[in-house]
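> Attaching a single structure in structure tokens format; questions to follow.
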Amino acid sequence: MISTAALPHQLNREVVIRASRETVFRFFTDPVRWAAWWGAGSTIDARPGGKVVIRYPNALEALGEVIDLDPPGQITFTYGYATGTPIPAGGSRVSIRLEAIDAGTRLKLTHDFHDAGVRDEHVQGWRYQLSLFANLVSDEVCAAAGSAVDAWFGAWSDPDSAARETTLARIAMPGVLFRDRFSALEGRQDVTAHLDASHRFMPGIQLRRNGDIRHCQGVVLADWTAQGQDGQERARGTNVFVFNTAGQIESVTGFWNRHP
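Residue 7 in the working numbering sits at position 12 of the sequence shown, and the numbers go up by one each step.
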């Protein structure tokens, strides 16, 4: 094991990920998820003494071994390059700690080095890699975001009040927020009542998604079109959906691009 005295220089980096600690930690114990983060050919044997392999897209290979594993809170492993430069294989130490917070998980990374210059060369690398990682985890959490968005729009179109309520209970948090130029709603009950009124005053209204959703770290943009009973377009716009750590809709903000 590398001694602390031999690695006096630290790089520290934090990132918040909209996912539970358990979900985040899976990427440190599942070789398939590990490779999805680092690249094809990367692997990890998630046990003390297990081998760590990172293969970057430029064919550079980093090697190490797991020192400590404490699910779902921490993993520590050694890190160095197969070439031996600028760090010999296993010649530095990486510790990743996961802290549960309201927004999901705060990931705290510490990378210990023997040389301050080598540490500084890795600052942007970790900034980039942890950004990729946050997106990768969020993509998994929000894998069904497109279906949830379609169900949200479907609830606005469904004439059956009970069915609308069931749909919202499935896809949205109890305290879901909805804001647009005609709405300032808090909670599923408020949204349900608003939908009841919409169908009373605008019978036959249909709301549909246009094109693919755009997702980044729990935030989704979705374009929509509203049609009247006669099939004519009444309005179009874009909704911003925010998803929680369980992949449920936390809030929706609607922007009207065109309205008669």
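Ideal Cβ placement from N, Cα and C applies to all residues, glycine included.
When the Cα atoms are used, what is the spatial distance from asparagine 252 to tyrosine 123?
Each residue's alpha carbon lies about 34 Å from the other.
> Would the region 56 to 66 count as touching the region 32 to 46 if we require 3 or more Cβ pairs under 8 Å?
Segments in contact, yes.
> I'd like to confirm the pairing. Which residues does DSSP put opposite histidine 210 in its beta bridges?
DSSP lists Val215 as partners of histidine 210.
> Apply the 10 Å Cβ neighbour rule to phenylalanine 108 and answer buried if 16 or more other Cβ atoms are within range, or exposed otherwise.
Phenylalanine 108 is buried by the Cβ-count criterion.
> Classify aspartate 185 as helix, strand or coil using the three-state DSSP reduction.
Residue state, collapsed to three classes: helix.
> According to DSSP, is phenylalanine 177 part of a helix, a strand, or is it coil?
Residue state, collapsed to three classes: coil.
> Does the separation of the CB atoms of proline 52 and glycine 68 fall below 8 Å?
No, the Cβ-Cβ distance between proline 52 and glycine 68 is not below 8 Å.
> Please name the residue or residues paired with glutamate 116 in a DSSP beta bridge.
According to DSSP, glutamate 116 bridges with nothing at all.
> The beta strand (DSSP E) with glycine 223 in it runs from where to where?
Segment: none, glycine 223 is in no beta strand (DSSP E) and carries neither H nor E.
> Taking only runs of the alpha helix (DSSP H) that begin and end inside the region 15 to 66, which ones reach a length of at least 4 residues, in chain order?
Here the runs fully enclosed are 16 to 24, 26 to 33.
> With a CB to CB cut of under 8 Å and the five nearest residues on each side skipped, what residues in its chain are close to serine 178?
Contacts found: His189, Gly249.
> How would you label asparagine 234, buried or exposed, when you count the other beta carbons within 10 angstroms and need 16 or more for buried?
Looking at its Cβ environment, which holds 16 or more other Cβ atoms inside 10 Å, asparagine 234 is buried.
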